[in-house]
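Since the structure comes first, as structure tokens, the remarks are kept for the end.
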């Protein structure tokens, strides 16, 4: 780091020294010659005393009192910052709520990078930090820190990209997708440890991050093409059929004219979306055949497709394709359905009845009683939850008109199976039959009329219930 040439650069350097002042003994004494230059109406004159203080501070910041060895067991942070001339990063870990620096890094911007917007430069700083310290952070969770608040949302792993996100930021996000991180926002005044480094970067011959990121994206795209390639499906075939597809050809033309703000990437003439190949309509059956070549099921076929290719309604097409596969259907295990119990037709009316409850619906419960011979239906309305006592009372009202049945069929609800209800049936000469648990279709007469009742009630309001129910 070169010596400050003006008051502004001196303030930036002192900001960094102040940030780590807790680790530097007698820091106020050391910085006194430098702080004198910040006085109002003080001429900026860099003398021998200032030079000695500057060198002493640099020595202290790079000493083992400030810098510490890397500890993989502690939480890691990457404080990043960008200026019009450079980017910088500080690798630190957190111990007892104290940020302890492990290493510093910075570099100057290329001519092209200096034309970036401030948002893109701040994103570039994160990419630089991750790339520079990749040996420390790869395969573990870390927290990149930036003073640009929008980046904390754009690069958040659980949020989608805004529609106006630039292609450059999408490439950066594609690179970061391989890491476990959460971007944290920190105000610029609290980010002075790295602000100084970004404004006085190490001047070196550096390769633009865009080049390395483009190479990374190209490798991902090439890998996807390689994985799905076969005798019937080649890269040349995809390119040719994409040109014939009107919708995809239009997307390609838009990318060539204005690649910014698009969810698609054009690589070697092939369209990609989220690193997956966009398959033209004419090649979709071929891809489905390739994906299903090992006779895998719907779920695994979808998982395989999501890794390499994409098109509209791909999940639905996969489901229909597998369901129409004769080989899969012939070996697929279908559980044998137990035959439904067949009820003999009674000789006389009211010999056998089927009962069930419907509701609550519109604040009411309904006792449905159906005669197995005549299909006559009796319905009783309740304004509260039913129990055995109420059920027996309502049944007695019905039996007073039609007489007692010989057989009464119901489900296994506690209302119909408790001792009180069994005693009611026994004393009135009624043989009680309960259907098998989990098979309501066995009591089909009652169930069907319950459904009919519900459909009719949906057309009415609670105030207009027919009184003859």
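Numbering (full-length UniProt numbering), first residue to last: 1 to 469.
Think of the CB as a built atom: it goes at the ideal place given N, C-alpha and C, for glycine as much as any other residue.
As the structure is a computational prediction, the values presented were derived from the model and not from experiment.
One or two residues paired with residue i in a DSSP bridge
i	result
residue 88	81 and 106
residue 170	DSSP lists no partner for residue 170.
residue 432	408
residue 43	Per DSSP, none; premise fails for residue 43.
residue 270	267
residue 310	278
residue 180	141
residue 243	Answer is none; residue 243 lacks a bridge partner.
residue 287	Answer is none; residue 287 lacks a bridge partner.
residue 423	Paired residue(s): none; residue 423 is not in a bridge.
residue 93	76 and 100
Limits of the unbroken beta strand (DSSP E) element including residue i
i	result
residue 276	276-278
residue 365	364-371
residue 53	No beta strand (DSSP E) holds residue 53; the alpha helix (DSSP H) holding it covers 48-61.
residue 251	Residue 251 -> not in any beta strand (DSSP E); alpha helix (DSSP H) instead, spanning 246-257.
residue 357	352-361
residue 382	377-382
residue 144	141-146
Range of the contiguous alpha helix (DSSP H) that encloses residue i
i	result
residue 402	388-402
residue 123	118-132
residue 187	Run containing residue 187: none; DSSP gives neither H nor E here.
residue 32	27-35
residue 510	Lying outside 1 to 469, the shown extent of the chain, residue 510 is not represented and no answer is given.
residue 149	149-154
Beta-carbon spacing of residue i, residue j below 7 Å
i	j	result
residue 123	residue 172	yes
residue 378	residue 398	yes
residue 265	residue 272	yes
residue 305	residue 283	no
residue 483	residue 134	Absent from the model: residue 483. The displayed extent of the chain is 1 to 469, so no value can be given.
residue 199	residue 42	no
residue 192	residue 19	yes
residue 155	residue 183	yes
residue 120	residue 153	no
residue 300	residue 318	no
residue 236	residue 186	no
residue 345	residue 321	no
residue 88	residue 14	no
Supposed contact pair residue j and residue i - C-beta distance, whole angstroms, cut 8 Å
i	j	result
residue 369	residue 353	6 Å
residue 402	residue 343	That belief does not hold up - the Cβ atoms of residue 402 and residue 343 are roughly 19 Å apart, past 8 Å.
residue 143	residue 77	5 Å
residue 430	residue 409	In fact, because the Cβ distance is near 11 Å, the residues do not count as touching under 8 Å.
residue 17	residue 33	Residue 17 to residue 33, Cβ: 13 Å. No contact.
residue 49	residue 24	Going by Cβ atoms, the distance from residue 49 to residue 24 rounds to 18 Å, so no, they are not a contact pair.
residue 103	residue 91	5 Å
residue 4	residue 108	Incorrect: roughly 17 Å between the Cβ atoms, too far for contact.
residue 387	residue 415	6 Å
residue 30	residue 56	5 Å
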